[in-house]
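**Student:** This structure is in structure tokens; I'll ask about it shortly.
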């Protein structure tokens with residue numbers, strides 16, 4: 011008898027977020043996210059320049075190229091970066107298309123940076139599901155918020 015174990019919702023949406031990240035035009039971050047409510051996809055986002063601007067992989071963001079060339083280190087001169095984080099892109103699309111992200115769940119391969127954590131708190135996000143990874147200064151901030159944070163580093167292994 012063959013039995014197929016169905017994927018959990020968290021694994022399903024985290025795998026989707028990883029796949030969405032493959033669309034990223036950023037030279038240094040291939041991060042995607044999936045925004046859901048009631049186990050339905052509301053929107054997706056990935057790292058890259060705003061719509062209508064030259065993508066990083068087409069020469070749009072000099073800072074990304076400087077990182078690749080070793081002229082600056084990770085985290086330096088972030089004020090020069092033209093890229094939006096995946097979370098910023100997904101919230102911008104919600105605003106453009108009239109989608110309310112309040113009490114939604116966002117799926118991310120890595121923890122949000124401090125600026126994105128602030129954005130998610132301001133949007134009254136209900137839950138963040140992440141595979142962990144970087145602590146970009148947001149962990150303590152998120153502990154102060156009302157957002158449920160679920161971190162797993164093995165959700166993509168097995169069923």
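Residue numbers (the working numbering): 11 to 169.
From the three backbone atoms N, C-alpha and C, an ideal C-beta is built for every residue, glycine too.
For residue 78, count the other beta carbons within 10 Å of its own beta carbon; 16 or more makes it buried, fewer makes it exposed. Which is it?
**Tutor:** exposed
**Student:** When burial is assigned at 16 or more other CB atoms within 10 Å of the CB, is residue 127 buried or exposed?
**Tutor:** buried
**Student:** Return no unless some Cβ of chain E is closer than 8 angstroms to the Cβ of residue 157.
**Tutor:** Here there is only one protein chain, and chain E is not present.
**Student:** Given that a residue counts as buried once 16 or more other Cβ atoms are within 10 Å of its Cβ, and exposed if not, what is residue 56?
**Tutor:** buried
**Student:** In three-state DSSP terms, what is residue 167?
**Tutor:** Residue placement at residue 167 cannot be trusted, given a pLDDT of 49 that sits under 50; the coordinates are not used to answer.
**Student:** Could you tell me the boundaries of the alpha helix (DSSP H) in which residue 132 lies?
**Tutor:** That run of the alpha helix (DSSP H) goes 124-132.
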